[in-house]
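Engineer:
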Amino acid sequence: MSKRRDIWWFFDIDDVLYDATLLKRLARENAVVAMIEAGLPVDFDTLLRSVNEAVERFGEDYPKHFDEALSSLGLRVEPRIVAAGVIAYHDTKKAFLRPLPNVFQTLMALRDRGVRLGISSPGNPVKEWEKIIRLGLHHLFEKAWFGDTDRERISAALAETTPDLEKSFYVTARPEGIDAAKEAGLRAIRVRRGKRSSEDSAHAPDLEVISLWEVMSHVEGLLEG
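The sequence shown begins at 13 in my numbering and counts up by one.
1) For a test of the three-state rule: what should DSSP assign to K207, helix, strand or coil?
2) Using 8 angstroms as the threshold, is the C-beta distance between I48 and R128 below it?
3) Let me confirm a value: G97 is counted as buried when at least 16 other C-beta atoms fall within 10 Å, else exposed. Which label applies?
4) Roughly how many whole angstroms lie between the Cα atoms of I99 and T118?
5) Tell me where the alpha helix (DSSP H) around T184 begins and ends.
6) Quick check on E41: does DSSP put it in helix, strand or coil?
7) If you run the structure through DSSP and keep just helix, strand and coil, what is G97?
8) Considering only DSSP beta bridges, list what R199 is partnered with.
9) Does the separation of the CB atoms of I190 and H215 fall below 8 angstroms?
10) Tell me which same chain residues have a C-beta within less than 8 angstroms of the C-beta of I25, skipping the five on either side of it?
11) Just checking my contact of L29 with L112 at CB under 8 angstroms: how many whole Å lie between their CB atoms?
12) With DSSP as the reference, label L85 as helix, strand or coil.
13) For the 8 angstroms Cβ check, are there 3 or more pairs between the stretch 171 to 181 and the stretch 202 to 216?
14) Tell whether a beta-carbon distance below 8 angstroms holds between L87 and V54.
15) I need the DSSP call for R128, collapsed to helix, strand or coil.
16) Give the DSSP-derived three-state secondary structure of V54 in the structure shown.
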C-alpha cells in the first residue's frame, strides 16, 4: 500500500497575507515627507517619483533607494537626510504591517482540516521572516522557501514535502508564481490584488479570489481534489 501523501498549501507573502502595495506606498510617501522636512530642497512629487524609479531600477531589496533617488536628482547624499527617510519608512512599516482581514482565521481553518502550511516567497530570507514575524503568523507555517526563481523554489518545496498534488496549492498574487506552480504540477490560487492585479498569468489558476478569506467558501471542493 502506497503511503498517503500530505496536503500542503504554500503561501506567497506580499498582497496575500498583508497589503504590501498599500504599505510600501505609504512608507515611501512618509519617507519623502520626512526627508523634505529635514531640509531637502525638492518638492514632494519630484522626490517620490525619483524614489519609485530607484525601486524599479534596483529592486525592492536594494538597501540604498534614497541615496540613488537623491543622486539622480543631482542632490548631495547627506546621511542626516537619508536617515530621516529611513526612520520614517521603517516606522510606517512597524505601524501598519498587519494581516489582511481574516487571514489568521483562514490559515487556522486550513490547519484544522489537516492542511500543512508553508511559505514560498521570492524575497530576501531575513526580510521575509521579519514580515511574517511582525504579522504574528510565523507559528502557523512549518516550512519556508525563499529567494531563487519561482520555478527553483517551488521545485525545492515539492521535492522536500512530496505533497498530494491533487489537493496542494500555491497561493500568490504574482502571475509568474501561478505559471511556475502550474508548470511544476502544483495547483494554484491567484489573489488578484496589489500592483500586479491587472496582469494575467499564461496558465489559468484553479481559483481566483480578491482576498484570501474567500478561499474558505471553496475549500471543501478544493480539498476533494
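Even for Gly, the Cβ is constructed at its ideal location relative to N, Cα and C.
Structural biologist: From the atom records:
1) In the structure shown, K207 adopts coil according to DSSP, grouped into three states.
2) No, the Cβ-Cβ distance between I48 and R128 is not below 8 angstroms.
3) Buried, by the Cβ-count rule.
4) A direct Cα-Cα distance of roughly 33 angstroms separates I99 from T118.
5) Counting along the chain, T184 falls outside any alpha helix (DSSP H), though it belongs to the beta strand (DSSP E) covering F181 to T184.
6) Residue state, collapsed to three classes: helix.
7) In this structure, G97 counts as helix in the three-state DSSP scheme.
8) The partner list for R199 (beta bridge, DSSP) reads F181.
9) Yes, the Cβ-Cβ distance between I190 and H215 is below 8 angstroms.
10) Closer than 8 angstroms at Cβ, skipping near neighbours: A32, I131, S133, G135, E140, K143 and I144.
11) Yes, L29 and L112 are in contact; Cβ-Cβ is about 7 angstroms, under 8 angstroms.
12) Three-state DSSP puts L85 in coil, outside helix and strand.
13) The stretch 171 to 181 is not in contact with the stretch 202 to 216.
14) For L87 and V54, yes; Cβs fall inside 8 angstroms.
15) For R128, the secondary structure class from DSSP, reduced to helix, strand or coil, is strand.
16) The three-state secondary structure of V54, taken from DSSP, is coil.
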